[in-house]
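Enquirer: Residue numbers (my numbering): -10 to 467. Beta carbons: idealized from backbone N, C-alpha and C, even for Gly. This is the structure I have questions about; it appears just below.
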Ligand SMILES: Cc1cc2nc3c(=O)[nH]c(=O)nc-3n(C[C@H](O)[C@H](O)[C@H](O)COP(=O)(O)OP(=O)(O)OC[C@H]3O[C@@H](n4cnc5c(N)ncnc54)[C@H](O)[C@@H]3O)c2cc1C
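Here you go:
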């Protein structure tokens, strides 16, 4: 459905400053600009400070460039275009607004400290030109995840009560796609750079394609198939039972609100809605507790928890060479595809922080480098959750997963493990979770001698569990 507004009721030019809302459909900022101005110019600024920092990522930037290319084609098909400017938005947006005589800039409000500071810098710079910055919802299911507060007027730090209030919060209508947009003046740059132009490289072999079109295809497939069984199969590692929409949601190729609206009634739809609430929940956590970006939410763990600094075991984890098949399969999936199943993220997160005793921030950073869906709020929130130092607290013992048991439960036929760890292809099912227990003759027979063809486990899980409980137990209660 498209929206056709009378051009007589609209006047002037407006810019839409795009960041991680790279779509046309259900875009409140674009819709508002289109409703008030006669000419709307969407703009993306390549902010190099974001590309090289601690969260910089070649794979995710490549995905983003594909999203921009896709958006540009979609805009061109509607007679418009996408201005692509190289530089800080607080410099480039006021320049462009002045050159084009734009009176308003519309954008989707974001939650991270960096994004919010950037909004403030842009607002001030625009004001000096007499131009208004108007912020809109659009990144989350609810308009403002941080507006959902406890009865005492405080942010929620436990998921379930947040979820209950979130379900009751009002929702905006899903918005149509503007049909016709203004041409971009010829002198405004529109070239989407190549990844190499930005000094980055693609490290993945099998990454999905970015963009709204690809997101819509994936969504249609999910809604006509897996959503029905989602509640039962979302934890099965090999089943393709989840939407795989996370990179598209991160870059806003599809709106979380539209996804929620499209969910069918029934257990599958309800369970997926709950997962979308986790996304909003962590956004509100980062918005209300910005220092969580660097330190533990639970004050008693700040600077008190002993961490291992063993680079060798950290590298074995990163490269999928720990000797625990399900951990290695998951870490190799990340290396190959830039994505990992949620259950696998929990298993490798528990393994890194509990079995290896390594600082959760090391894992968080590696995920940010590799994940196409790398999202500061969701990544930080989930890493703190699995490290037992964040919001939604539970005793450390409840979040130490036994990798062998997890594998038997969530990859019972070994399809996932064998897909990513070919050395184990001929290991019989009954030995696949702990291949080091195979008699040597069997190891030789199935071409997988432990220590030669596949690593011996780098830690003993039972011992590591005891050591983890000791480390957490040493921290004085707050
Ligand atoms: C250690 C760790 C790090 C993570 N880092 C990220 C990250 O950087 N970016 C990210 O988007 N997700 C992250 N997650 C959450 C989750 O693993 C992914 O969102 C999910 O695996 C994406 O696959 P999907 O799209 O098929 O999910 P689906 O099961 O289809 O769920 C639909 C959507 O709900 C949201 N969602 C689902 N689970 C969660 C969750 N636990 N927290 C927040 N949102 C959720 C996602 O947007 C997801 O795309 C992390 C989880 C863990 C345990």
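#1: Identify every residue that forms a DSSP beta bridge with residue 279.
#2: Kindly provide the ranges of any alpha helix (DSSP H) runs that are 4 or more residues long and lie completely inside the stretch 133 to 216, ordered along the chain.
#3: Helix, strand or coil, according to DSSP, for residue 93 in the structure here?
#4: Is it true that the CB of residue 69 sits closer than 9 Å to the CB of residue 34?
#5: Quick check on the burial criterion: 16 or more other C-beta atoms within 10 angstroms. Buried or exposed for residue 451?
#6: Check each candidate in 279, 37, 218 and 64 and name the one with the smallest Cα separation from residue 261.
#7: Is residue 200 near ligand 1 - that is, is its Cβ less than 8 Å away from at least one heavy atom of it?
#8: In the DSSP assignment, what are the bridge partners of residue 443?
#9: With a threshold of 8 Å, establish whether the CB of residue 267 neighbours any heavy atom of ligand 2.
#10: Is the stretch 335 to 350 close to the stretch 386 to 394, with three or more CB pairs under 8 Å?
#11: Are residue 21 and residue -1 touching if we call contact CB-CB under 9 Å?
#12: Please name the residue in 140, 296 and 326 whose C-alpha comes closest to that of residue 453.
#13: Taking 8 Å as the cut-off, is the C-beta of residue 50 nearer than that to any heavy atom in ligand 1?
#14: Beta carbon of residue 189, beta carbon of residue 47: below 9 Å?
#15: What residue does the alpha helix (DSSP H) around residue 31 start on, and which one ends it?
#16: Exposed or buried, which one is residue 463 when buried takes at least 16 other CB atoms within 10 Å?
#17: Please report the Cβ distance between residue 32 and residue 179, rounded to the nearest whole angstrom; I am assuming they are in contact, meaning their Cβ atoms lie under 8 Å.
#18: Indicate the three-state DSSP secondary structure (helix, strand or coil) for residue 107 in the structure shown.
#19: Let me check one thing: in DSSP terms, what residues is residue 4 bridge-paired to?
Expert: Checking against the coordinates, here is how it stands:
#1: Paired residues: none, contrary to the question.
#2: The stretch 133 to 216 contains these whole alpha helix (DSSP H) runs: 148 to 157 and 201 to 212.
#3: Of the three classes helix, strand and coil, the one that applies to residue 93 here is strand, per DSSP.
#4: No; because the gap between Cβ atoms is not below 9 Å, this pair is not in contact.
#5: Around the CB of residue 451, fewer than 16 other CB atoms lie within 10 Å, so the residue is classed as exposed.
#6: Residue 218 is the option with its Cα nearest to residue 261.
#7: Residue 200 has its Cβ no nearer than 8 Å to any heavy atom of ligand 1.
#8: Residue 443 is bridged to 439.
#9: Looking at this structure, you won't find ligand 2 anywhere; what it does contain is ligand 1.
#10: Result yes; three or more Cβ-Cβ pairs closer than 8 Å.
#11: The answer is no: Cβ separation not under 9 Å.
#12: Residue 296 is the option with its Cα nearest to residue 453.
#13: Here the distance from the Cβ of residue 50 to the nearest heavy atom of ligand 1 is not below 8 Å.
#14: The answer is yes: Cβ separation under 9 Å.
#15: Residue 31 -> not in any alpha helix (DSSP H); beta strand (DSSP E) instead, spanning 28 to 35.
#16: By the C-beta density criterion, residue 463 is exposed, having fewer than 16 other C-beta atoms within 10 angstroms.
#17: The Cβ separation is near 10 Å, so there is no contact.
#18: Note: residue 107 maps to helix in three-state DSSP.
#19: According to DSSP, which records beta bridges pairwise, residue 4 is partnered with 30 and 94.
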